[in-house]
Amino acid sequence: MASRVAGHESTAVSVSWCIMLLALNPNWQIRIRDEILSSCKNGIPDAETIPNLKTVTMVIQETRLYPPTPIVGREAFTDIRLGNIVVPKGVCIWNLIPALHRDPEIWGEDANEFKPERFSEGIYKACKYPQSYMPFGFGPRICLGKNFAMMEAKVLVSLIVSKFSFTLSPTYQHSPNHKLLVEPQYGVVIRIVRQ
Numbered sequence: 250m251a252s253r254v255a256g257h258e259s260t261a262v263s264v265s266w267c268i269m270l271l272a273l274n275p276n277w278q279i280r281i282r283d284e285i286l287s288s289c290k291n292g293i294p295d296a297e298t299i300p301n302l303k304t305v306t307m308v309i310q311e312t313r314l315y316p317p318t319p320i321v322g323r324e325a326f327t328d329i330r331l332g333n334i335v336v337p338k339g340v341c342i343w344n345l346i347p348a349l350h351r352d353p354e355i356w357g358e359d360a361n362e363f364k365p366e367r368f369s370e371g372i373y374k375a376c377k378y379p380q381s382y383m384p385f386g387f388g389p390r391i392c393l394g395k396n397f398a399m400m401e402a403k404v405l406v407s408l409i410v411s412k413f414s415f416t417l418s419p420t421y422q423h424s425p426n427h428k429l430l431v432e433p434q435y436g437v438v439i440r441i442v443r444q
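This note's numbering applies: residue 250 is where the sequence shown begins, and numbers increase by one.
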């Protein structure tokens with residue numbers, strides 16, 4: 250099951266949320282489209298241009314609002330102290346990523362707003378505690394497919410936005426479903442127009 254989820258489900262869910270956020274924010278669709286037209290030969294992203302698409306990267310990073318994985322757990326191998334709390338050896342600590350990614354103390358008062366520009370200077374300047382940004386987990390057990398997943402998401406988002414503009418359908422029901430992944434329970438229903 251883990252390899253199936255790591256193989257494509259988490260990227261598919263992230264791109265779905267990204268499309269939903271872009272449908273609500275058409276100005277970012279225009280910014281992505283402009284970036285692709287100015288950076289990519291014939292308006293088609295390729296292996297050389299994809300890593301340099303800053304706007305696309307910022308938009309994908311801002312899907313922190315809907316991280317694909319809801320929790321990351323770690324087990325204490327020794328007794329450790331976290332502030333005033335002693336965590337005994339063998340106890341598991343669970344990080345609730347959706348709560349962490351929307352915490353105003355970490356992200357500012359606009360924590361629940363879609364603002365990709367917060368990543369304009371990279372992850373380390375986007376929030377108060379950069380280690381709090383963990384769509385791929387953190388530390389020595391960070392997702393091995395992180396770079397591949399980001400590249401895959403950039404390709405998908407770039408190709409979709411370069412070919413289409415879209416808005417949410419009136420039938421769309423916003424319903425994040427927290428299971429193994431945080432997925433849109435009823436999908437992301439959009440209206441598309443070819444560019």
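Each residue gets a CB set at the ideal place from its N, CA and C atoms; glycine is no exception.
Please read all numbers here as calculations on a predicted model, not as lab measurements.
- Distance between residue 343 and residue 444, taken at the CA atoms: about 44 Å.
- Contact annotation: residue 419 and residue 425 have beta-carbon atoms that are not nearer than 8 Å.
- Residue nearest to residue 400 within the set 366, 294, 275 and 276 is 294 (criterion: CA-CA distance).
- Cβ-Cβ separation between residue 284 and residue 364: approximately 17 Å, too far for a contact (criterion under 8 Å).
- A contact between stretches requires three or more CB pairs, one per stretch, nearer than 8 Å, and the stretch 375-382 fails this requirement with the stretch 276-290.
- Listed in chain order, the non-local C-beta contacts of residue 304 below 6 Å within the same chain comprise 280, 281 and 284, local neighbours out to five positions each way being set aside.
- Around the beta-carbon of residue 422, fewer than 16 other beta-carbon atoms lie within 10 Å, marking it exposed.
- Taking the Cα positions, residue 349 is about 27 Å away from residue 278.
- If one requires a minimum length of 3 residues, the beta strand (DSSP E) runs lying completely within the stretch 313-368 are 320-324, 329-331, 334-336 and 341-345, in chain order.
- In this structure, the alpha-carbon of residue 335 lies about 10 Å from that of residue 327.
- For residue 432, the enclosing beta strand (DSSP E) begins and ends at 431-433.
- Per DSSP, reduced to three states, the secondary structure at residue 388 is helical.
- Counting along the chain, residue 417 sits inside the beta strand (DSSP E) bounded by residues 413-417.
- If you ignore the 5 residues before and after residue 292, its C-beta comes within less than 7 Å of the C-beta of 285, 286 and 411, all in its own chain and listed in chain order.
- Nearest C-alpha to residue 369 among 345, 301, 359 and 307: 307.
- At a cut-off of 4 residues, the continuous stretches assigned as alpha helix (DSSP H) that sit fully inside the stretch 268-322 are 275-288 and 303-310.
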